[in-house]
Structure formats: C-alpha cells, structure tokens
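>
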Amino acid sequence: MTAISKILIANRGEIALRVLRACKELGIATVAVHSTADANAMHVRLADESVCIGPPPSRDSYLNIHQIVAACEITGADAVHPGYGFLSENAKFADILDAHGITFIGPTAEHIRLMGDKITAKKTAVELGIPVVPGSDGEVLPENALEIARQIGFPVLIKATAGGGGRGMKVAKTEEELEEAVSTARSEALAAFGNDAVYMEKYLGKPRHIEVQVVGDGFGNAIHLGERDCSLQRRHQKVWEEANSPALNVEQRMNIGQICADAMKKMKYRGAGTIEFLYENGEFFFIEMNTRLQVEHPITEAITGIDLVHEQIRVASGAGLSVTQDQVVFSGHAIECRINAEDPRTFVPSPGTITHFHAPGGLGVRVDSGVYAGYKIPPYYDSLIGKLIVHGRTRVECMMRLRRVLDEFVVDGIKTTLPLFQDLVSNQDIANGDYDIHWLENYLAETSAT
Ligand code: MV4
Numbered sequence: 234m235t236a237i238s239k240i241l242i243a244n245r246g247e248i249a250l251r252v253l254r255a256c257k258e259l260g261i262a263t264v265a266v267h268s269t270a271d272a273n274a275m276h277v278r279l280a281d282e283s284v285c286i287g288p289p290p291s292r293d294s295y296l297n298i299h300q301i302v303a304a305c306e307i308t309g310a311d312a313v314h315p316g317y318g319f320l321s322e323n324a325k326f327a328d329i330l331d332a333h334g335i336t337f338i339g340p341t342a343e344h345i346r347l348m349g350d351k352i353t354a355k356k357t358a359v360e361l362g363i364p365v366v367p368g369s370d371g372e373v374l375p376e377n378a379l380e381i382a383r384q385i386g387f388p389v390l391i392k393a394t395a396g397g398g399g400r401g402m403k404v405a406k407t408e409e410e411l412e413e414a415v416s417t418a419r420s421e422a423l424a425a426f427g428n429d430a431v432y433m434e435k436y437l438g439k440p441r442h443i444e445v446q447v448v449g450d451g452f453g454n455a456i457h458l459g460e461r462d463c464s465l466q467r468r469h470q471k472v473w474e475e476a477n478s479p480a481l482n483v484e485q486r487m488n489i490g491q492i493c494a495d496a497m498k499k500m501k502y503r504g505a506g507t508i509e510f511l512y513e514n515g516e517f518f519f520i521e522m523n524t525r526l527q528v529e530h531p532i533t534e535a536i537t538g539i540d541l542v543h544e545q546i547r548v549a550s551g552a553g554l555s556v557t558q559d560q561v562v563f564s565g566h567a568i569e570c571r572i573n574a575e576d577p578r579t580f581v582p583s584p585g586t587i588t589h590f591h592a593p594g595g596l597g598v599r600v601d602s603g604v605y606a607g608y609k610i611p612p613y614y615d616s617l618i619g620k621l622i623v624h625g626r627t628r629v630e631c632m633m634r635l636r637r638v639l640d641e642f643v644v645d646g647i648k649t650t651l652p653l654f655q656d657l658v659s660n661q662d663i664a665n666g667d668y669d670i671h672w673l674e675n676y677l678a679e680t681s682a683t
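Taking my numbering, the leading residue of the sequence shown gets 234, the next gets one more, and so forth.
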C-alpha cells in the first residue's frame with residue numbers, strides 16, 4: 234500500500250472538477266495546474282493549491298511533462314490524476330512519474346503501451362478470449378494486401394496500427410480500390426503518427442459502438458460495470474451516450490461483461506479501462522481498449538452508484554476494489570448529453586463569455602461542468618463545457634426527464650449544442666433506440682437547412 238495524501242490533477246475543465254470532488258470526499262489534498270489562459274478557471278479556484286505551468290498551447294502546459302513533475306515536487310503531491318486526453322494514455326509520463334516516486338493514477342506504463350499499439354492490442358485481446366473483428370494477422374504490407382483482402386472478403390478497412398479514434402482509416406469496397414486505400418492509409422498514418430504500419434479488417438457496415446467499463450486492482454481481481462452505447466457521434470466525437478445499450482438484453486450484457494472482466498483478471502489490469510466493441514447482428518467485435526477514465530463515465534456511475542474516480546484512487550494506492558462483481562447492482566437507465574460551445578448544426582466552435590448560466594436540477598439529474606456566469610471560454614482547448622447526465626428507472630422515464638431538464642438549462646452568450654439535444658430527445662428513432670454509428674451524420678445531412 235502506498236498511501237496517497239495529495240493529488241495533482243493534470244487536467245482542466247469539467248474533468249478536473251470531477252476528480253477534485255472525489256479527492257475531497259476521500260480527504261485527499263488537491264493541487265490544480267493551469268495555463269496562463271486558465272488562471273480564472275473553476276478547477277483552479279476549487280483546488281487547495283494551484284501552480285501555473287505555462288502558456289496557453291497544450292504542448293507548453295497541460296502536455297509539458299517536466300512542468301508537471303516540477304509542480305509535484307514544489308507542492309509535495311504524491312500522486313497525479315491525468316483525467317482524460319492530454320497525458321492520460323502517455324506511457325512515458327507514467328514511467329517518469331514512477332522514476333520520481335510519484336503514483337500515476339492509472340494502469341502500468343506497460344499496459345498503456347500494449348493497448349496504444351492497435352495490432353498488439355488486438356493480438357492481446359485474442360489471447361485473452363475477447364472476440365475481435367476478422368482481419369489480418371498483424372501488419373499488412375502493400376505486396377500482401379490483395380491476398381489478405383481476398384481471404385477476409387470485401388469490403389475491407391485499412392487501419393493505422395498507431396491510430397485510434399478513427400484517424401488514418403480507409404475502406405476498400407473492391408479489389409480495384411485496394412491498392413490506393415493501402416497506400417493512402419500508409420502515408421496518412423506516417424504523417425499523423427510517424428509510423429506507416431497498417432493492418433486490415435473486415436469492414437462492418439452498420440454497427441453500433443458499444444463499450445464495456447472495467448476496473449481492476451492490479452493483483453488479478455477485476456469487475457465489469459456494464460456497457461455504454463456511444464453510437465451517436467459525429468466525426469468520431471461522441472455526442473450522446475447511454476447506459477444500458479438499448480440494443481442488449483440482460484443475458485448479452487452479463488455475457489460480454491464477464492468476458493471483459495475475465496480478460497482483465499488474466500492480465501492483472503490495474504485501474505479503470507474501457508473495452509470498445511463494434512456490435513452488429515448480435516455479435517461483438519473488439520476494436521480498441523482505452524486505458525483511462527472516459528468522458529462518458531458518469532452514466533455508468535448513475536446506473537451502478539459506484540464512483541469510478543474513488544475506485545481509481547483506491548487501486549492506485551493498492552487498496553483494492555470497494556466491490557465484488559456480486560455486489561454490483563444495475564439500476565435504471567442513464568443518458569449523457571455533451572454540451573459543447575459549438576454551433577448546434579455546423580459544430581463550429583463558439584468561444585466567448587457566458588453571460589447567463591443556469592444548470593437544471595431535480596431527481597436523477599447531474600451536471601458536470603467547469604463553467605459559470607461571467608466565465609470567458611478560451612479558444613485554445615476542446616469545446617466541451619459541460620455534461621448533462623440524466624437517470625431514470627426506465628429508458629422511457631429517463632427520456633421524459635431529459636426533455637424536462639433540457640428545457641431548464643440556460644447557457645447564454647455563446648452557441649451550444651443544447652438545441653441539438655432538444656431535437657434528438659423528440660426523435661422517433663432515438664425514442665426507439667434504433668440507431669447505429671452513422672445515424673447522427675445522416676440525420677444532420679437530412680435535416681440541414683440548406
Ligand atoms: C471499424 C468500422 C467498421 N468496420 N472497423 C472508427 C474509430 C475506431 N475506433 C474504429 N472505427 C471504426 N472501425 C471495422 N472493421 C467503423 C468504425 C467507425 C466508427 C466506430 C465507432 C464509432 C464511430 C465510428 C464512425 C465511423 C467508423
């Protein structure tokens with residue numbers, strides 16, 4: 234056991250507040266770090282101490298490992314919570330903290346590396362008994378591409394091994410399209426990641442994106458906390474997430490959950506993780522694993538009552554999980570809407586000053602946000618300004634509550650994605666839970682004013 238008494242939060246915005254809240258509840262002191270652009274941010278005001286770590290560009294502040302380590306040394310922080318994004322899946326950062334005797338609140342550097350390389354991640358998934366998308370056995374070279382594609386069967390998808398989040402993917406529908414798809418994917422991968430290695434998969438046409446939440450203690454105990462359906466996305470940015478998935482029944486949930494928990498036990502995974510699947514015609518296909526807390530984690534918290542950040546801090550200190558699988562009780566349905574400072578139709582960022590802000594309340598409502606009336610949103614960072622999480626005993630009750638809550642929410646002075654959710658909550662396909670990963674982009678195209 235390594236007792237944690239002071240946590241430095243290497244992040245900003247709503248997730249920095251989210252982590253601060255967990256630390257306070259656990260009686261752990263907090264250090265905020267911030268760029269010069271974030272001196273007035275809420276996470277800085279709420280933390281016990283704060284350190285300015287550099288100018289606005291992320292690479293000079295929130296991604297600057299040396300500045301963050303220095304901030305730990307100055308304040309005596311004995312652990313770092315990275316939140317999501319920034320350094321949360323940076324194995325070198327985990328190694329450097331380790332070398333300084335500072336606890337990284339996350340998995341081992343080795344597990345971050347393993348899952349960061351998508352070919353290795355997929356091979357590991359196979360070894361651990363997780364179902365994967367049919368595809369190449371490792372890297373595909375241009376000279377072997379046709380033979381491999383014929384074995385898999387068209388259409389195929391070329392993916393960058395260093396990729397993730399949809400960057401560097403190319404579909405080849407026919408043999409004629411293959412050569413160009415492979416060469417474009419390779420050059421895009423090289424430009425984006427400095428690594429031109431690609432692999433090949435059967436292309437799934439209309440899948441849902443369903444991900445399973447896991448937590449492990451690093452000693453061979455691990456549990457699953459059910460799934461989240463994140464199919465409603467635009468350009469690989471999730472917009473609306475729900476737990477449970479409208480597509481699954483209890484048996485399917487417990488089945489895939491158990492497969493994931495068993496896999497995490499085998500690898501002695503430590504920390505919170507998300508195993509991403511494509512789901513089509515009743516089958517799950519592993520695509521990636523994220524070795525961090527995710528933006529949409531609160532919907533899992535809503536249906537299980539388990540605080541994921543508490544669990545992350547516990548397992549980082551060696552204290553083990555607070556619950557066994559048998560003690561996990563799934564209750565009701567939760568939906569998260571991501572409130573972005575963006576035009577609700579074009580998604581063009583809309584930074585500026587928030588003139589009025591009123592967060593909704595009432596039973597089953599949670600708002601995680603780092604903004605307030607009078608706050609000026611800086612233009613340097615991503616446009617997520619808050620998350621609305623609504624819980625109900627059933628999906629129908631959750632949707633009814635969401636409709637009421639959206640009417641109450643006021644954010645003036647900037648454009649936000651709130652009007653989009655007003656539309657979605659009244660849509661028949663959404664009411665039926667009848668959507669896949671392409672639904673939202675098609676909807677936006679069909680309902681555009683022009
Ligand atoms: C796929 C796929 C279809 N078939 N793989 C995109 C992000 C990356 N994590 C994996 N992605 C996809 N992989 C096969 N074999 C379609 C996607 C995909 C997607 C996946 C999840 C959520 C949204 C998506 C949007 C477009 C494409």
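The beta carbon of each residue, even a glycine, is placed where N, CA and C say it ideally should be.
The model shown is predicted, which means the values in this text are computed figures rather than measured ones.
1) Using 8 Å for Cβ pairs, my map puts Pro577 next to Thr650. What's the rounded Cβ distance?
2) Got a sec, what are the start and stop residues for the alpha helix (DSSP H) Gly287 sits in?
3) Got a sec, what are the start and stop residues for the beta strand (DSSP E) Thr557 sits in?
4) Give me the DSSP bridge partner(s) of His442.
5) Does DSSP put Tyr432 in a helix, in a strand, or in coil?
6) Out of curiosity, what's the CA-to-CA distance linking Arg503 and Ile568?
7) Closest to Pro496 by C-alpha separation, out of Thr417, Ala606, Gly453 and His624, would be which residue?
8) Going by DSSP, what residues sit across from Glu516 in a beta bridge?
9) Given a threshold of 16 other Cβ atoms within 10 Å of its Cβ, counted over all protein chains shown, does Thr235 qualify as buried or as exposed?
10) Distance check for Pro593 and Phe337, CA to CA, integer angstroms please.
11) Just to confirm, is the Cβ distance from Gly646 to Thr588 under 8 Å?
12) Go ahead and label Leu465 buried or exposed: buried means 16 or more other beta carbons lie within 10 angstroms of its beta carbon, across all protein chains shown.
13) Does the region 420-430 come into contact with the region 390-403, if we say contact requires no fewer than three beta-carbon pairs (one atom in each stretch) closer than 8 Å?
14) What are the start and end residues of the alpha helix (DSSP H) that includes Thr357?
15) Excluding the 5 residues flanking Ala422 on each side, which residues of the same chain have their C-beta closer than 8 Å to its C-beta?
16) According to DSSP, is Arg461 helix, strand or coil?
17) Does Arg468 pass the burial test, meaning 16 or more other C-beta atoms within 10 Å, or should it be called exposed?
18) How is Val638 classed by DSSP in three states: helix, strand or coil?
19) Which residues mark the beginning and the end of the beta strand (DSSP E) in which Val644 is found?
20) Quick one, are the C-beta atoms of Glu460 and Ile489 less than 8 Å apart?
21) Relative to the C-alpha of Leu673, which candidate in Phe387, His442 and Leu639 has its C-alpha closest?
22) Using the rule of at least 16 other Cβ atoms within 10 Å of the residue's Cβ for burial, across every protein chain shown, is Val562 buried or exposed?
23) Go through its chain and collect everything with a Cβ distance to His591's Cβ below 6 Å, but skip five positions before and after it.
24) Taking 6 Å as the limit between beta carbons, can you name the residues of its chain near Ser478, skipping five residues before and five after?
25) Could you check if Pro440 belongs to the surroundings of the ligand MV4, using beta carbon to heavy atom distance under 7 Å?
26) With H, G and I counted as helix, E and B as strand and the rest as coil, what does DSSP make of Pro582?
27) Go ahead and pull the three-state DSSP assignment for His624.
28) What does a CB cutoff of less than 7 Å around Gly551 pick up in its chain, not counting 5 residues either side in sequence?
29) Using DSSP bridges, identify the partner residues of Glu575.
30) Between which two residues does the alpha helix (DSSP H) carrying Thr263 extend?
31) If you reduce the DSSP assignment to three classes, tell me which class Phe590 lands in.
32) Apply the 10 Å Cβ neighbour rule to Ser555 and answer buried if 16 or more other Cβ atoms are within range, or exposed otherwise.
33) What would DSSP say about Thr336, mapped onto helix, strand or coil?
34) Roughly how many angstroms separate the alpha carbons of Glu258 and Gly619, rounded to a whole number?
35) For Leu250 versus Val264, is the C-beta spacing smaller than 8 Å?
36) Here's the rule: buried if 16 or more other CB atoms are within 10 angstroms of the residue's CB, otherwise exposed. What is Arg383?
By the coordinates alone:
1) That pair is a contact at about 5 Å.
2) Looking at the DSSP string, Gly287 is not in any alpha helix (DSSP H); the run it does join, the beta strand (DSSP E), is Glu282 to Gly287.
3) Where Thr557 is concerned, there is no enclosing beta strand (DSSP E), because DSSP gives it neither an H nor an E.
4) Leu511
5) Under the three-state reduction of DSSP, Tyr432 is assigned to strand.
6) 27 Å
7) The question names Pro, but residue 496 in the sequence shown is Ala. The residue with the shortest Cα to Cα distance from Ala496 is Gly453.
8) Glu513
9) exposed
10) Each residue's alpha carbon lies about 35 Å from the other.
11) yes
12) Leu465 should be labelled buried.
13) Result yes; three or more Cβ-Cβ pairs closer than 8 Å.
14) Lys351 to Glu360
15) Ala393, Thr394, Ala395, Gly396, Gly401, Asn428, Asp429, Ala430 and Val431
16) In the three-state scheme derived from DSSP, where H, G and I count as helix and E and B as strand, Arg461 is classed as strand.
17) exposed
18) Reduced to three states, the DSSP call for Val638 is helix.
19) Val643 to Asp645
20) yes
21) His442
22) exposed
23) Val643
24) Ile443, Glu460 and Asp462
25) yes
26) strand
27) Reduced to three states, the DSSP call for His624 is strand.
28) Met234 and Thr235
29) Pro582
30) Looking at the DSSP string, Thr263 is not in any alpha helix (DSSP H); the run it does join, the beta strand (DSSP E), is Ala262 to Ser268.
31) strand
32) exposed
33) strand
34) 21 Å
35) no
36) exposed
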